[in-house]
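Residue numbering for the sequence shown follows our numbering, beginning at 50 and increasing consecutively.
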Amino acid sequence: MTEWTNDMAIQRWAATPRAMLEQTAHDGDFAKRHLINPVLLRMLGDLTRRRVLDAGCGNGYLSRILAGQGATVVGVEPGQSLFDFAVEQEAIAPRRIQYVQADLCALPNLGAPFDAVVASMVLPAIPDWTGAMRACVHVLKPGGLFVFTVNHPCYEQLWPTWREHGEYRTHRYLTEYEIPGPTGVDFHRTLSTYLNQLTNLGCQLTELAEPGLAPDTTVDGPDGIDAYVHLPNFLIVAARRTT
Ligand SMILES: C[S@@+](CC[C@H](N)C(=O)[O-])C[C@H]1O[C@@H](n2cnc3c(N)ncnc32)[C@H](O)[C@@H]1O
């Protein structure tokens with residue numbers, strides 16, 4: 050495997066075409082609307098006046114949703130074009146979101162500790178993901194909530210393999226490997242790798258979710274989307290900082 054650095058990975062994400070940032074600026078994509086965000090927002094609970102970090106916020110769409118639910122939001126994003134887009138949206142329609150351009154592994158002082166940290170589809174994008182997870186937990190208040198989402202490590206290639214074979218197929222799981230995507234690179238790690246690191250950081254797991262798609266939702270979806278009715282493409286994890 051290439052020796053990826055965080056900077057190399059960030060440069061790839063920063064090349065995301067502007068059209069894609071615009072397409073997903075309101076509420077993300079199909080999977081986020083139907084599978085990830087309803088669960089993630091339920092796990093976060095009432096956000097009124099809560100201080101929330103959107104770690105690896107990309108174009109800032111989730112930061113804007115969180116702010117719309119009453120949270121005081123800080124969005125951290127290292128990729129220049131993504132950061133610029135998020136800042137631009139804040140200038141167009143201010144929601145008191147503070148955007149900070151930084152790598153999670155080299156965070157500046159973000160001020161008071163957070164009630165909650167969200168890292169949606171971010172940890173798989175980071176070569177030094179343990180440093181990033183440590184930073185997310187470090188900025189939480191004791192008792193604060195950490196919610197992260199990843200492509201389900203057991204079914205990462207769900208949609209493309211289902212479209213090709215009508216079922217899920219994989220031939221490797223136990224080793225770390227790259228998953229090149231249209232806009233950036235993700236890295237496969239096992240389920241236990243993510244969960245054990247949470248425990249090592251002093252967090253207590255409160256909920257794991259493997260959402261499936263309601264069958265009637267596939268009507269609007271692209272070809273092969275019925276895979277999401279049968280198998281979980283995403284894993285959503287909620288944990289509390291205990292110390
Ligand atoms: C798949 S995108 C998810 C973006 C956003 N959370 C969302 O749900 O739309 C992965 C994001 O992680 C960001 N990222 C990559 N490396 C990072 C790092 N070291 N620190 C913080 N964010 C990083 C990328 O720039 C990109 O915005």
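C-beta: ideal position from N, C-alpha, C; glycine also. All of these numbers come straight from a predicted model, not from anything done at the bench.
Remark: the C-beta of Cys-154 is in contact range of ligand 1, defined as less than 7 Å to any heavy atom. Less than 8 Å divides the Cβ of Gln-253 from the Cβ of Thr-291. With contacts defined by Cβ atoms closer than 8 Å, Asn-200 and Asp-235 form a contacting pair. Its chain contains Ile-85, Leu-89, Ala-168, Ser-169, Met-170, Phe-283, Leu-284, Ile-285, Val-286 as the residues whose beta carbon lies nearer than 8 Å to that of Thr-198, once the 5 sequence neighbours on both sides are disregarded; these appear in chain order.
Checking the DSSP bridge columns, you'll see Phe-79 has no partner listed. Remark: C-beta atoms of Val-101 and Phe-195 do not approach each other more closely than 8 Å. With a cut-off of 7 Å, the C-beta of Pro-87 is classified as distant from ligand 1, since no heavy atom of the ligand falls inside that distance. The Cβ atoms of Ile-175 and Leu-153 sit closer than 8 Å to each other. In this structure, the CA atom of Met-182 is about 7 Å from the CA atom of Leu-172. When the alpha-carbon of Leu-189 is set against those of Ala-58, Leu-250, Trp-62, Pro-143, the nearest one is in Leu-250.
Taken atom to atom, the span from the alpha-carbon of Tyr-217 to that of Gly-261 is near 15 Å. The three-state secondary structure of Pro-143, taken from DSSP, is coil.
Annotation for Asp-272: no alpha helix (DSSP H) segment contains it, and DSSP assigns it neither H nor E. Linking Asn-158 to Leu-131 through their CA atoms gives a straight-line distance of about 21 Å.
Note that the segment 207-214 does not touch the segment 129-149; fewer than 3 beta-carbon pairs, one per stretch, sit closer than 8 Å.
With fewer than 16 other CB atoms across the displayed protein chains lying within 10 angstroms of its CB, Tyr-226 is exposed. Cβ-Cβ separation between Ala-165 and Arg-99: approximately 6 Å, consistent with a contact (criterion under 8 Å). Restricting attention to Ala-151, Asn-108, Asp-95, Ala-276, the CA atom closest to the CA of Ala-68 is found in Asn-108.
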